[in-house]
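2 protein chains.
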Amino acid sequence: MTIRRSAENPIITPAMLRPSRAGHVVIGVFNPGCIRHGDETLLLLRVAEAPVPRDDREVLAPWFDVETGDIAVKRWARDAMALDTSDPRVIVSGGRTWLTSISHFRVGRSRDGIHFDIGDAPAMSAATALESFGIEDPRITLLDGTYWINYSAVSPRGIATALASTRDFVTFERHGVIFAPPNRDVTLFPERVNGRYFALHRPMPEGIGEHAVWSASSPDLMAWGDHRYVAGARAGMWDDGKVGGGAVPFRVRVGGRDAWLAIYHGVRSTPLQYALGALLLDADDPSRVIGRSREPVLAPEAPYERHGFFDGVVFTCGLLVEGDRVRVYYGAADGVTAVADLSLDTIIAGLA
Amino acid sequence: MTIRRSAENPIITPAMLRPSRAGHVVIGVFNPGCIRHGDETLLLLRVAEAPVPRDDREVLAPWFDVETGDIAVKRWARDAMALDTSDPRVIVSGGRTWLTSISHFRVGRSRDGIHFDIGDAPAMSAATALESFGIEDPRITLLDGTYWINYSAVSPRGIATALASTRDFVTFERHGVIFAPPNRDVTLFPERVNGRYFALHRPMPEGIGEHAVWSASSPDLMAWGDHRYVAGARAGMWDDGKVGGGAVPFRVRVGGRDAWLAIYHGVRSTPLQYALGALLLDADDPSRVIGRSREPVLAPEAPYERHGFFDGVVFTCGLLVEGDRVRVYYGAADGVTAVADLSLDTIIAGLA
Chain P
178 MTIRRSAENP
188 IITPAMLRPS
198 RAGHVVIGVF
208 NPGCIRHGDE
218 TLLLLRVAEA
228 PVPRDDREVL
238 APWFDVETGD
248 IAVKRWARDA
258 MALDTSDPRV
268 IVSGGRTWLT
278 SISHFRVGRS
288 RDGIHFDIGD
298 APAMSAATAL
308 ESFGIEDPRI
318 TLLDGTYWIN
328 YSAVSPRGIA
338 TALASTRDFV
348 TFERHGVIFA
358 PPNRDVTLFP
368 ERVNGRYFAL
378 HRPMPEGIGE
388 HAVWSASSPD
398 LMAWGDHRYV
408 AGARAGMWDD
418 GKVGGGAVPF
428 RVRVGGRDAW
438 LAIYHGVRST
448 PLQYALGALL
458 LDADDPSRVI
468 GRSREPVLAP
478 EAPYERHGFF
488 DGVVFTCGLL
498 VEGDRVRVYY
508 GAADGVTAVA
518 DLSLDTIIAG
528 LA
Chain X
178 MTIRRSAENP
188 IITPAMLRPS
198 RAGHVVIGVF
208 NPGCIRHGDE
218 TLLLLRVAEA
228 PVPRDDREVL
238 APWFDVETGD
248 IAVKRWARDA
258 MALDTSDPRV
268 IVSGGRTWLT
278 SISHFRVGRS
288 RDGIHFDIGD
298 APAMSAATAL
308 ESFGIEDPRI
318 TLLDGTYWIN
328 YSAVSPRGIA
338 TALASTRDFV
348 TFERHGVIFA
358 PPNRDVTLFP
368 ERVNGRYFAL
378 HRPMPEGIGE
388 HAVWSASSPD
398 LMAWGDHRYV
408 AGARAGMWDD
418 GKVGGGAVPF
428 RVRVGGRDAW
438 LAIYHGVRST
448 PLQYALGALL
458 LDADDPSRVI
468 GRSREPVLAP
478 EAPYERHGFF
488 DGVVFTCGLL
498 VEGDRVRVYY
508 GAADGVTAVA
518 DLSLDTIIAG
528 LA
């Protein structure tokens with residue numbers, strides 16, 4: 178695999194950003210959605226902020242209180258009974274799960290695709306009861322002249338996928354929840370397929386079921402049906418744990434035929450690793466897999482991918498294709514943003 | 178609460194039915210959908226069948242093999258390592274969950290609503306990869322002259338809700354999965370609300386989230402969106418564990434105003450119990466709860482409700498309303514079908 182990581186990686190780090198509010202610190206800027214906007218590369222960045230504890234005996238969980246319209250902070254003594262803080266992302270207390278940070282979105286703009294101007298103010302942040310633990314992992318799809326943004330709406334009621342739209346990345350309109358919990362890692366196709374909108378999504382059943390990639394179609398982007406199973410984890414391979422959507426799919430020609438290429442994420446169980454691979458999908462029925470990466474197209478190898486807030490993660494929500502170059506923007510170790518150029522021919526050659 | 182259980186309860190038991198195939202036994206007939214059809218009461222019954230083991234050292238799991246179009250049987254030695262058979266409904270082996278029985282649907286017809294003629298042949302049975310563990314818990318809604326049947330499609334890929342339709346209960350057309358896994362206990366409203374079809378559904382997130390009642394709306398019954406949280410479990414009450422849909426909602430007048438009444442099921446954690454209660458929902462926005470039962474309207478008290486395949490369960494998928502009489506058909510202890518007449522006035526008086 179020909180992979181060119183930017184020499185300036187990680188290109189965006191928490192140290193480059195000011196927190197959006199007093200008493201908080203930026204702990205992550207990662208998993209950006211990406212699109213060309215005018216002559217700029219535009220990233221919609223997930224920015225995770227955490228309240229600063231008074232001392233290290235305190236454990237905090239921020240949440241958006243829809244009653245007050247403001248962020249509130251839940252506090253525990255670190256040595257409290259039955260407090261599970263083993264996963265840095267969550268706090269489990271009394272059977273309930275809280276997050277240690279709350280994410281919003283900021284816009285980053287760049288001429289060269291490497292150096293981004295990022296404002297201090299959120300472009301979108303938690304605003305509803307279904308977003309009280311924040312909004313995460315935006316994907317941007319241009320359809321009919323409007324930019325459609327789907328994202329994870331996280332709350333004690335579950336992790337759902339919600340939809341918003343914008344024309345200018347200044348004002349955003351919300352359209353509610355399009356995939357009920359537990360469902361995330363949704364990617365909307367940039368064209369209708371047989372007259373219908375099309376998406377990949379990732380239900381998360383436990384017990385009976387698996388965390389796998391499904392498809393759905395829609396007459397209007399708001400209501401989704403005809404859910405089909407597309408691709409699951411593969412025993413003995415790099416994606417043996419679970420799989421889910423990554424970047425927005427794009428059209429390719431392979432062997433003289435049109436198809437869709439979707440960069441997805443696959444989780445290896447042991448040792449735990451989040452890597453990226455490709456699904457080649459039928460042009461007219463994208464629920465049908467016609468090829469899949471034997472090996473990851475990008476796996477955590479660089480130090481900033483192997484070590485960070487959550488070790489061993491590369492995770493993408495957006496990319497730009499130009500000829501053979503697939504420029505993937507991705508979150509590394511759940512903390513920073515990096516970019517790598519992959520070769521489309523090499524990705525296709527690695528499909529089985 | 179005025180509850181009149183039929184003196185002939187349970188009105189339908191496995192002993193009344195012949196198995197649909199050799200080598201199998203009917204272990205349950207329960208959770209029927211219900212509707213008036215001509216001058217008859219029609220039940221669409223969930224019939225659970227289990228393969229008969231050669232001896233008691235054997236544990237079996239039936240499944241529909243879409244390749245062969247036939248039921249296959251997975252076999253284990255009962256004393257096999259790492260085999261969990263503690264829940265009579267499932268077998269957990271090597272991290273995978275299997276079911277001990279596979280369900281299909283049969284039609285039952287009755288003039289008096291108590292004595293039903295039930296054929297030996299399935300009306301609908303597993304037919305797709307997403308139904309390989311069977312089809313369960315049908316609900317019937319009459320809309321635009323067609324009977325719409327939603328049901329749980331169970332497979333190793335998860336528990337999803339699928340849609341079928343019929344005009345005669347002889348031939349059925351499938352319309353695919355309308356709610357991606359994990360989602361069951363869906364009820365379709367019998368009228369459009371503000372021009373859109375409307376449903377209650379029950380996502381099943383684990384970790385972050387809860388098993389609660391949500392709503393969704395649709396332009397065409399096939400594609401569903403605008404998912405909203407409606408009602409969750411209530412600490413310290415009879416439904417403190419989880420809640421989900423029950424029978425198809427119906428229109429009522431309360432205090433001179435129209436509203437929807439939905440009989441739902443609530444699970445008490447300790448001791449475990451499945452009971453029924455009512456949600457009163459706004460006529461124009463059924464995602465808005467305006468009343469809810471303080472106590473169950475029907476709880477497992479009769480011997481056939483307290484003891485059976487799975488103890489302590491009353492669970493409804495269908496009812497008939499006539500004046501003040503709400504005739505609830507329900508599964509008891511996950512094994513038999515019973516019927517009880519409740520008073521609508523009493524249900525409404527018990528709302529808070």
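Top line first, the protein sequences correspond to chains P and X. Each number in the working numbering corresponds to the 1-based position in the first sequence with 177 added. Each number in the working numbering corresponds to the 1-based position in the second sequence with 177 added. The beta carbon of each residue, even a glycine, is placed where N, CA and C say it ideally should be. As the structure is a prediction and not an experimental result, all values here were calculated from the model.
- Between Gly386/X and Pro359/P, the gap from beta carbon to beta carbon is short of 9 Å.
- Cβ contact annotation for Asp233/X (same chain, cutoff 8 Å, sequence separation greater than five): Arg255, in chain order.
- Among the residues facing chain X, Ser470/P is not included, as its CB has no counterpart in that chain under 9 Å away.
- DSSP lists Pro380/P as the bridge partner or partners of Asn360/P.
- Under the three-state reduction of DSSP, Ile291/P is assigned to coil, being neither helix nor strand.
- For Thr245/X, the nearest beta carbon of chain P is not closer than 9 Å to its own beta carbon.
- Shown here, Glu226/P sits in a strand according to DSSP, grouped into three states.
- Looking at the DSSP output, Tyr374/P bridges to Ser395/P.
- Listed along chain P are Ser395, Pro396, Ala400, Trp401 and Gly402, each with a C-beta nearer than 7 Å to that of Ala400/X.
- In this structure the stretch 481-490 of chain P does not lie against the stretch 432-441 of chain P, because fewer than three pairs of beta carbons, one per stretch, are closer than 8 Å.
- With respect to the C-alpha of Pro239/X, the residue from Pro228/X, Asp461/X and Glu217/X having the closest C-alpha is Pro228/X.
- For the stretch 304-337 of chain X, residues whose beta-carbon sits nearer than 9 Å to a beta-carbon of chain P comprise Ala306, Leu307, Phe310, Val331, Ser332, Pro333, Arg334, Gly335, Ile336 and Ala337.
- DSSP places Asp345/P outside both helix and strand once states are collapsed to three, so it counts as coil.
- Taking the beta carbon of Ala389/P as reference, the chain X residues within 8 Å of it are Arg334, listed in sequence order.
- Interface residue (Cβ-Cβ distance to chain P less than 9 Å): Val267/X is classified as such.
- Residue pairing by DSSP leaves Thr262/P without any beta bridge partner.
- Setting aside the 5 residues that flank it on each side, Thr274/P is surrounded in the same chain by Val267, each with a C-beta closer than 7 Å to its C-beta; the list follows chain order.
- Rounded to the nearest angstrom, the Cβ distance from Tyr507/X to Val491/X is 5 Å, consistent with a contact under 8 Å.
- Assigned with DSSP and collapsed to three states, Ala298/X falls in coil, not helix or strand.
- Interface flag for Ile279/P against chain X is unset, since no Cβ pair is found closer than 9 Å.
- Taking CB atoms only, Ala357/X has a neighbour in chain P less than 9 Å away.
- Of the residues Ala306/X, Phe282/X, Phe346/X and Val466/X, the one whose Cα lies closest to the Cα of Ala408/X is Val466/X.
- Of the residues assessed, Met301/P falls on the buried side of the cut-off, its CB having 16 or more other CB atoms within 10 angstroms.
- Looking at the DSSP output, Tyr481/P shares a beta bridge with no other residue.
- Relative to the Cα of Leu221/X, the nearest Cα in the group Trp325/X, Ala337/X and Pro380/X belongs to Trp325/X.
- A Cβ-Cβ distance of about 14 Å is found for the pair Gly246/X and His281/X, leaving them out of contact under the 8 Å criterion.
- About 33 Å separates the beta carbons of Gly272/P and Thr364/P, which is beyond the 8 Å limit, so they are not a contact pair.
- One thing to note: Pro463/P has its Cβ within 9 Å of the Cβ of Leu377/P.
- Around the C-beta of Thr514/P, 16 or more other C-beta atoms lie within 10 Å, and the residue is accordingly described as buried.
- The beta carbons of Val370/X and Ala479/X sit no closer together than 9 Å.
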